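Heads up: the structure comes next, in structure tokens.
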Amino acid sequence: MKKLLAGAAIALMGLTTTASADGHANYPERPMMMMVSYGAGGATDFQARIVTMTAGNEDALGMPIAILNKPGAGGRVGWNWLAGQAEADGYTLGAYNVPHFIAQSIKGGVEYSADSFEPIANWGADPAVLVVGKDSEFNTLEDVVTFVKANPGKLTTSGAGLFVGHHIAALQMEKAGDMKMAYIPTKGGGAAAMKAVIAGDVMAGINNLSDAYRAAAAGNVKILAVADLERNEFLPDVPTMKEAGLDVDNASVNFRGVMVPKGTPQGIIDKLAATVPMMFENSRVTGKMKAGGSPMHVMTRDEVLAMWAAREETLKELLAGL
Amino acid sequence: MEFIYYFGDVFTPINFGLLLLGTIGGLILGATPGLSPTMAVALLIPFTFQLEAAQGLILLGAAYTSTVAGGAVSAILLKIPGAPANIATTLDGHTMALKGEGAKALQLSFLSSAVGGVFGVLLLIFLTPVLAKWALAFGPSHLFWLAILGVTVIGSLDSNSVVKGLLSGCIGLWLATIGFDDIMGAQRFIFHPSLGGGINIIAALIGLFAIPQVITMFAKGRKDDGAEAIQVQKHPIKGAITELLRNKRAMGIGTLTGSIIGLIPGVGGQIAGLVAYDQSKKFSPDRDKFGTGHPEGLIAAESANNAMVGPSLVPLLTLSIPGSPTAAVLLGGLLIHGIFPGTDLFDNHPDVAWTFINSMLIGQILMCIFGLYVAGMAAKVAQVPQSMMAAIVLGLAVFGSYSVQSSMGDVYVMASLGVMMYFLERFGFSAAPLVLGLILGPIAESNFIQGSMIASATDGMAPYFLTGTLNLFLIAVVIASILYSGYMELRSRRYTSKEEIME
Chain A
1 MKKLLAGAAI
11 ALMGLTTTAS
21 ADGHANYPER
31 PMMMMVSYGA
41 GGATDFQARI
51 VTMTAGNEDA
61 LGMPIAILNK
71 PGAGGRVGWN
81 WLAGQAEADG
91 YTLGAYNVPH
101 FIAQSIKGGV
111 EYSADSFEPI
121 ANWGADPAVL
131 VVGKDSEFNT
141 LEDVVTFVKA
151 NPGKLTTSGA
161 GLFVGHHIAA
171 LQMEKAGDMK
181 MAYIPTKGGG
191 AAAMKAVIAG
201 DVMAGINNLS
211 DAYRAAAAGN
221 VKILAVADLE
231 RNEFLPDVPT
241 MKEAGLDVDN
251 ASVNFRGVMV
261 PKGTPQGIID
271 KLAATVPMMF
281 ENSRVTGKMK
291 AGGSPMHVMT
301 RDEVLAMWAA
311 REETLKELLA
321 GL
Chain B
323 MEFIYYFGDV
333 FTPINFGLLL
343 LGTIGGLILG
353 ATPGLSPTMA
363 VALLIPFTFQ
373 LEAAQGLILL
383 GAAYTSTVAG
393 GAVSAILLKI
403 PGAPANIATT
413 LDGHTMALKG
423 EGAKALQLSF
433 LSSAVGGVFG
443 VLLLIFLTPV
453 LAKWALAFGP
463 SHLFWLAILG
473 VTVIGSLDSN
483 SVVKGLLSGC
493 IGLWLATIGF
503 DDIMGAQRFI
513 FHPSLGGGIN
523 IIAALIGLFA
533 IPQVITMFAK
543 GRKDDGAEAI
553 QVQKHPIKGA
563 ITELLRNKRA
573 MGIGTLTGSI
583 IGLIPGVGGQ
593 IAGLVAYDQS
603 KKFSPDRDKF
613 GTGHPEGLIA
623 AESANNAMVG
633 PSLVPLLTLS
643 IPGSPTAAVL
653 LGGLLIHGIF
663 PGTDLFDNHP
673 DVAWTFINSM
683 LIGQILMCIF
693 GLYVAGMAAK
703 VAQVPQSMMA
713 AIVLGLAVFG
723 SYSVQSSMGD
733 VYVMASLGVM
743 MYFLERFGFS
753 AAPLVLGLIL
763 GPIAESNFIQ
773 GSMIASATDG
783 MAPYFLTGTL
793 NLFLIAVVIA
803 SILYSGYMEL
813 RSRRYTSKEE
823 IME
């Protein structure tokens, strides 16, 4: 038995040395795992499953990617795990949500920051939009701004929680318009926040474009403005906040992509960074994403690094007063 | 009547095969402690990628229906509720099994599940537009009062002493505060990294119910006389049907409460069974028999938790708002095929919508048939010697709590809560009120905070929480519930001797 164990240990060591000696040319040699820090069925989980479904193809990574859900505390549980406990061997990937994890790391109480992870590629960008109930008296962003300026702190506005894209958008609106809204974070994510708008519990809401697009298509809400730099292809008739008179940029856009924990070998990062964006461009992936109403925005590793740095700066400034 | 037109689609060979697969698979998954309906449905989602939209939904719908009912099997035979929906089932179901009536309890539970379930789906078919308005009527203030109503029944739930019931309810409320608070982002009582995400309800459920059982079984296993497994007497299905017909009141209360509570987004599934159990106890002339293996309690709980399945999908199908975690997973299953729930679903894809709803109707009946077959085999499960059973249950408990979020942290939480509960049970506390506190705490708290934020931005606290028909109605029910409990407590005190109180 002892001999057997020793033999197995030597064989294992042999395996690992060959893997690193050839500059990770054979990577990946076994299936990989991607951690999603939100529950099964949520938007991030749903999109992560679609964009990784072609990973096993020969022209992509050649090995499948399994999704591992580690939900809890607005994503903090999963990201804490990825930063602290996950093995940086290239077989453990993670999905990121910006601005969420960067804003959380600025507010503290977590074991990660933007420096704990290495981005690989971005797959989606879901801008925050301002919605009101279908019977609301507000028809444009100007109507809302006029009301807020006349009634400071009276416009109840629902969003998915604190320090998520929706909250950032509300803070940016307040700053741009020099006004005060009443931001109401809901438990239960974007769906609960949307319910509050449809049911009339609140006067307005900030929500994901993808969810709002569905709700508007069903005739339950009106979408007044998009917090992004350009109009969205799903909603060509809805103006950006900037067009409508509020100087709000794309800092609240919910970017979703793939990252690995810091310490992953550079050879593996390079290989992933070269392959993964192509995997996202696969026509089966783009077709499913479009059908599901999920806006795609593929960015390479270098572009994501720049985006993370820019977000961190904006968020530090925005959250300084809170 | 549009739905009848699409009935044929359910019976095409592939669709019906999927329906059978979903039902049988769901029963097995549901009977496994720790595999909640939400997880079972989430596990199946990747398989639906390859199927057509209607076929995928048939599989998911059947699995949802039968996992809820399947949870009763472990609740009755092992006293481990498969999901929060089955907590109330343990109270009378497991005591029946201890008396040797395990087969009867299972038959009753599947029959009443089917009756409740069919009623719930019929509501979904005929009253969806009306129900959608009702689902939206519950704002933060109403949900707060509803949670308080739940708190008022904590004391009288499965406990000989109201004080002990309230105390364990308080422990549950405290446990619920652990973790990151979702609304304000504050960190509370996180003294170990495993607690960062708070106490997961499924892990807690397994720990609180299964571990004391396991310890007791191991302890008995040391003695020769206690090693005997529980007996299961054979029971004819006909007998179960007549028993069910005798208990029309419990059946009606369970079905109605389940349907109404199931509608309310975010609350429904978890407390439907408990509320129905409590209500039928209050309306029953045999209320003293509840908790001692009384069929009425079992029937109310099981009909309620399956009646909730249909209405819980109303907010999703009409407004595109998932009202429960399971509904959120189903939403993913629809979106993957490019179908948006809401008017789009019924106008442009009626074949998908109605085939799905019809398959749930048929699924309820199939579930009942297979369930009754399972009930016949219950005797075999119960013949496993206790020492072996303890090992199996312990294994399932670890597996179940780990698989909820693939986290060892949940296993530690499960184990420590379980050991704590073992000692609490020895002092006469019981797990059901504790779990109810754990479920209701976050609902009451988050809705109170949200409500007060909205109130302070608008008309102020008192008008927001204390006016409006629905608020006043809920407050009246809360007061009635408290007065009733007080009255019952006083009345029973009068007949209790000092010695009995001391005990």
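As you go down the protein sequences, you meet chains A and B in turn.
Residue numbers for the first sequence follow our numbering, so the first one is 1 and each next one is one higher.
Residue numbers for the second sequence follow our numbering, so the first one is 323 and each next one is one higher.
Backbone N, C-alpha and C fix where the C-beta goes; we use that ideal spot for every residue, glycine too.
Please read these numbers as outputs of a predicted model, since none were measured by experiment.
Neighbours of Leu246 (chain A) across chain B, judged by C-beta separation under 9 Å, do not exist; the nearest C-beta is about 20 Å away. When C-beta distances to chain B are compared with 7 Å, the residues of the stretch 75-87 of chain A below that value are Arg76, Val77, Asn80, in chain order.
Taking 8 Å as the threshold, the shortest C-beta distance from Asp781 (chain B) to chain A does not fall below it. By the Cβ neighbour-count rule, Val485 (chain B) is exposed, with fewer than 16 other Cβ atoms within 10 Å of its own. With a cut-off of 8 Å on Cβ pairs, the stretch 586-606 of chain B is in contact with the stretch 459-476 of chain B, counting three or more such pairs. With a cutoff of 8 Å on beta-carbon distance, Ala405 (chain B) and Pro359 (chain B) are scored as near each other. In the three-state reduction of the DSSP assignment, Val253 (chain A) falls in the coil class. Here Asn522 (chain B) has Val726, Asp732 as same chain residues with Cβ atoms under 6 Å from its own Cβ, once five neighbours each way along the sequence are excluded. For the stretch 113-166 of chain A, the full-length beta strand (DSSP E) segments reaching 3 residues or more read 117-126, 128-133, 156-159 along the chain. Contact annotation: the stretch 287-306 of chain A does not touch the stretch 130-138 of chain A, with fewer than three C-beta pairs closer than 8 Å.
At least one beta carbon of chain B lies nearer than 8 Å to the beta carbon of Leu68 (chain A).
For a Cβ distance threshold of 7 Å, residue set Gln509 of chain B lies close to Gly109 (chain A), ordered along the chain. In terms of Cβ geometry, Leu641 (chain B) and Gly664 (chain B) form a close pair [threshold 8 Å]. A Cβ of chain B is located within less than 8 Å of the beta carbon of Ile198 (chain A). Residues are counted here when their Cβ sits less than 7 Å from a Cβ of chain B; for the stretch 158-188 of chain A these are Gly161, Leu162, Phe163, Ala182, Ile184, Pro185, Thr186, Lys187, Gly188, given in chain order. When DSSP states are grouped into helix, strand and coil, Met278 (chain A) belongs to the helix group. When the Cα atoms are used, Ala244 (chain A) and Lys180 (chain A) turn out to be separated by approximately 18 Å.
Pairing Leu272 (chain A) with Gly56 (chain A), the inter-Cα distance amounts to about 13 Å. Of B:Pro607, B:Ala353, B:Leu379, the smallest CA-CA separation from Ala364 (chain B) is found for B:Leu379.
Counting only the Cα atoms, Glu317 (chain A) lies some 11 Å from Ala310 (chain A).
When the Cα atoms are used, Thr389 (chain B) and Leu357 (chain B) turn out to be separated by approximately 9 Å. Taking the Cβ atoms as the reference, Leu433 (chain B) lies roughly 17 Å from Gly632 (chain B), outside the contact range of under 8 Å.
Residue pairing by DSSP places Phe502 (chain B) opposite B:Gln509 in a beta bridge.
Proximity of Pro617 (chain B) to chain A, defined by a Cβ-Cβ separation below 8 Å, is not satisfied. Looking at B:Pro515, B:Trp456, B:Pro403, the one whose alpha-carbon comes closest to that of Glu111 (chain A) is B:Pro515.
In the three-state DSSP reduction, Thr240 (chain A) falls in the strand class (E or B). Looking at the backbone, the Cα of Thr54 (chain A) and that of Leu430 (chain B) are separated by about 47 Å.
The beta carbon of Phe371 (chain B) sits closer than 7 Å to the beta carbons of Ile658 from its chain, once the five residues preceding and following it are set aside; these are given in chain order. Cβ neighbours of Ile684 (chain B) within its own chain (closer than 7 Å, five residues either side excluded): Val332, Leu341. Residues Arg510, Phe511, Gly763, Glu767 of the same chain have their beta carbon placed closer than 8 Å to that of Thr499 (chain B), with the five preceding and five following residues left out of the count.
At a cut-off of 8 Å between C-beta atoms, Asp201 (chain A) counts as an interface residue with respect to chain B. Buried is the label assigned to Pro28 (chain A), since at least 16 other Cβ atoms lie within 10 Å of its Cβ. Three or more beta-carbon pairs drawn from the stretch 259-272 of chain A and the stretch 97-117 of chain A are found closer than 8 Å, and the two stretches are therefore classed as touching. Residue pairing by DSSP places Met296 (chain A) opposite A:Gly124 in a beta bridge.
Residues of the stretch 345-374 of chain B whose Cβ lies closer than 9 Å to any Cβ of chain A, in chain order: Thr360, Met361, Val363, Ala364, Leu365, Ile367, Pro368, Phe371. Flagged as an interface residue toward chain A: Leu641 (chain B), by a C-beta distance shorter than 8 Å.
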